[in-house]
Amino acid sequence: MAPSLLACDFAHLADEIAAVEREGVEFLHLDVMDGHFVKNITFGPPLVKSIAGVARTTLDTHLMIENPDRYIEAFMKAGTHVLTIHVEASSDVRRDLQAIRKLGGKAGLAFNPDCPFEKVEPYLGDIDLLLVMSVFAGFGGQSFIEGSLDHVNSAAKLRQKRQFNFAIEIDGGITPETASRARNAGADILVAGTAVFRSSDYGAAIRALRG
Ligand code: DX5
Ligand code: ZN
176 MAPSLLACDF AHLADEIAAV EREGVEFLHL DVMDGHFVKN ITFGPPLVKS
226 IAGVARTTLD THLMIENPDR YIEAFMKAGT HVLTIHVEAS SDVRRDLQAI
276 RKLGGKAGLA FNPDCPFEKV EPYLGDIDLL LVMSVFAGFG GQSFIEGSLD
326 HVNSAAKLRQ KRQFNFAIEI DGGITPETAS RARNAGADIL VAGTAVFRSS
376 DYGAAIRALR G
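If you count by my numbering, then the sequence shown holds residues 176 to 386, one letter each, in order.
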């Protein structure tokens with residue numbers, strides 16, 4: 176489980192983090208948006224650093240920014256453990272993945288629902304995490320796009336065939352119902368913002384998503 180802090184109450188950030196950590200979540204998912212690659216703007220390295228100061232869980236930072244190479248070092252220094260870039264946003268994907276690993280991070284690669292799987296395929300041997308977007312990057316609270324399950328399926332099949340080691344993460348519109356289908360398709364990590372932080376009982380919500 177990777178709760179996305181995008182949907183949490185930022186005025187009580189430390190409490191929100193502690194509340195999901197109490198439920199034993201594996202990752203905290205941090206959505207960074209630049210107002211350019213996606214319309215929305217969220218936060219940058221200083222906030223990630225503050226989160227790193229209070230969190231005990233692996234920080235999974237999802238960069239929705241154009242030319243992420245400009246910020247890889249800053250987000251790693253801020254305390255990120257897994258740093259994910261978008262294949263559509265990078266001018267040199269292999270270089271950027273290598274830069275993340277060189278700085279001691281786990282390297283993730285994300286792609287939007289309309290991005291052909293072939294675009295990420297060449298990098299599957301060089302990543303620790305494949306982030307399959309099940310909504311278009313940019314906003315929380317959108318509905319799950321069914322076609323993303325084909326992306327999860329293709330990734331899982333190829334991983335087995337080629338003996339790759341990356342984890343498959345799915346992000347967007349995750350509810351207990353879509354979570355179970357994503358798991359069946361081969362997803363290992365479920366990102367959920369709305370389903371966790373807009374519920375009245377985070378523990379129950381997380382257990383329902385885990386299935
Ligand atoms: C969307 C973000 C997601 C988002 C998921 O661009 O990458 O992480 O927070 O939110 P929900 O779970 O509300 O779809
Ligand atoms: Zn995300």
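Don't be surprised by glycine CBs; every beta carbon is placed ideally from N, CA and C.
Any non-hydrogen atom of the ligand ATP within 7 Å of residue i CB
i: residue 204; result: Only the ligand DX5 and the ligand ZN can be found as ligands here, which leaves the ligand ATP out of the picture.
Residue i and residue j closer than 8 Å at C-beta
i: residue 250; j: residue 236; result: yes
i: residue 193; j: residue 364; result: no
i: residue 349; j: residue 370; result: yes
i: residue 254; j: residue 234; result: yes
i: residue 302; j: residue 285; result: no
i: residue 313; j: residue 214; result: yes
i: residue 299; j: residue 344; result: no
Straight-line Cα distance separating residue j from residue i
i: residue 239; j: residue 205; result: 10 Å
i: residue 289; j: residue 201; result: 28 Å
i: residue 308; j: residue 199; result: 24 Å
i: residue 241; j: residue 211; result: 7 Å
i: residue 257; j: residue 182; result: 20 Å
i: residue 375; j: residue 325; result: 32 Å
i: residue 244; j: residue 271; result: 6 Å
i: residue 216; j: residue 246; result: 15 Å
i: residue 368; j: residue 220; result: 20 Å
Presumed contact (8 Å Cβ cut-off) between residue i and residue j, rounded CB distance
i: residue 311; j: residue 287; result: 6 Å
query: Does the segment 327-339 come close enough to the segment 212-228 to have 3 or more Cβ pairs within less than 8 Å?
result: no
- request: Identify every run of the alpha helix (DSSP H) within the segment 197-248, keeping only runs that are complete inside it and at least 4 residues long; order them along the chain.
  value: 220-229
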